[in-house]
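**Q** In terms of numbering that gives the first Met the number 0, the sequence shown opens at residue 0 and continues consecutively.
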Amino acid sequence: MCKTPTLTAEAIQMMFLNAYNAFMGNREQVLEDCELMRTVLVDFTVLDAEIEKQYEEIEVIAERVKHLVKDNASTPQSQDEYVKKYNKLSERYEEEYLKLEKIKMEKEFRISHDKTMNMFIENLKKQPLIVDKWDESLWAVMIEKAVVHIDGSITFVFYNGSEIKEEA
Numbered sequence: 000m001c002k003t004p005t006l007t008a009e010a011i012q013m014m015f016l017n018a019y020n021a022f023m024g025n026r027e028q029v030l031e032d033c034e035l036m037r038t039v040l041v042d043f044t045v046l047d048a049e050i051e052k053q054y055e056e057i058e059v060i061a062e063r064v065k066h067l068v069k070d071n072a073s074t075p076q077s078q079d080e081y082v083k084k085y086n087k088l089s090e091r092y093e094e095e096y097l098k099l100e101k102i103k104m105e106k107e108f109r110i111s112h113d114k115t116m117n118m119f120i121e122n123l124k125k126q127p128l129i130v131d132k133w134d135e136s137l138w139a140v141m142i143e144k145a146v147v148h149i150d151g152s153i154t155f156v157f158y159n160g161s162e163i164k165e166e167a
């Protein structure tokens, strides 16, 4: 038996209006918090240092591989040992490269999130403090998602991450 509650469009719209009005009652604080979040998001000091460190580590490993190959070509040695060393360095190179890509992806994510946050702030500044009728465009620019709970309540998640739960 399905336990998902049935909600009418009108009920959802009214709950949204209540959540929106509660959210906008703190607009100045929300704007201040959003600006603070943006400041943190775009502080790449640590990430840039990590990226530089990873590039240096990859460079060191690449040099070691280069020397290993050169030594193998010019000095007689066990090919089994050479292959083991080469594979170990290659594996380490791959690990460090993946770490670098992960850090770069984090930076790109934060840049993207900052752009989204900036758009949210600009939209927030333009919106009325109180609304008393449904506005689909308002929903579109303010709400990231709405989570319907088993008791019929809805948690509205705004684009800045704020959540407001409205009881059914």
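Even glycine gets a Cβ: it sits at the ideal position worked out from N, Cα and C.
Bear in mind the structure is a predicted one, so any value in this text is a computation, not a measurement.
(1) Compute the distance between the beta-carbons of E56 and E80, then report whether it is under 7 Å.
(2) Leaving out the 5 sequence neighbours to the left and right, which residues in its chain are closer than 7 Å to Q53 when beta-carbon positions are compared?
(3) Rounded to the nearest angstrom, what separates G160 and I11 at their Cα positions?
(4) Anyone know if the C-beta pair for I169 and F155 falls short of 7 Å?
(5) Nearest to K125 by CA position, among L137, A167, L46 and L35, is which residue?
(6) Just reading off the alpha helix (DSSP H) that F157 is part of, what are its end residues?
(7) Under three-state DSSP, which class holds I142?
(8) Going by DSSP in three states, I173 sits in which element: helix, strand or coil?
(9) Please return the same chain residues whose Cβ sits closer than 8 Å to the Cβ of L67, not counting the five positions on each side in sequence.
(10) Can you check the segment 70–118 for any beta strand (DSSP E) of at least 3 residues that lies completely inside it and give the ranges in chain order?
(11) Mapping DSSP to helix, strand and coil, what is V147?
(12) Can you list, in chain order, the residues of its chain whose CB lies under 8 Å from that of I50, leaving out five sequence neighbours each side?
(13) Please report the distance separating the alpha-carbon of E62 from that of Q76.
(14) Which value, in whole angstroms, describes the spacing of the CA atoms of K132 and H112?
(15) Is E166 helix, strand or coil by DSSP?
(16) Taking the alpha helix (DSSP H) that E33 belongs to, which residues open and close that run?
**A** The relevant details are as follows:
(1) The criterion of a C-beta distance shorter than 7 Å is not satisfied by E56 and E80.
(2) The residues are E95, K98, L99 and I102.
(3) Their Cα atoms are separated by approximately 20 Å.
(4) No information on residue 169 is available, as it lies outside the stretch 0 to 167 that the chain covers here.
(5) Comparing Cα positions, the closest option is L137.
(6) Premise fails: F157 lies in the beta strand (DSSP E), I153 to F157, not in any alpha helix (DSSP H).
(7) Three-state result, I142: strand.
(8) This structure leaves residue 173 out entirely; the chain is present only between 0 and 167.
(9) The beta carbon of L67 sits closer than 8 Å to those of Y81, K84, Y85 and L88, all from its chain and outside the five residues before and after it, given in chain order.
(10) Listed in chain order, nothing qualifies, since the segment 70–118 has no complete beta strand (DSSP E) run of 3 or more residues.
(11) DSSP, read as helix, strand or coil, puts V147 in strand.
(12) Closer than 8 Å at Cβ, skipping near neighbours: L99, I102, K103 and K106.
(13) E62 and Q76 have their C-alpha atoms some 19 Å from each other.
(14) When rounded, the distance between both Cα atoms is 30 Å.
(15) DSSP places E166 outside both helix and strand once states are collapsed to three, so it counts as coil.
(16) Just to set this straight, residue 33 is Cys in the shown sequence, not Glu. Its alpha helix (DSSP H) spans residues R26 to L40.
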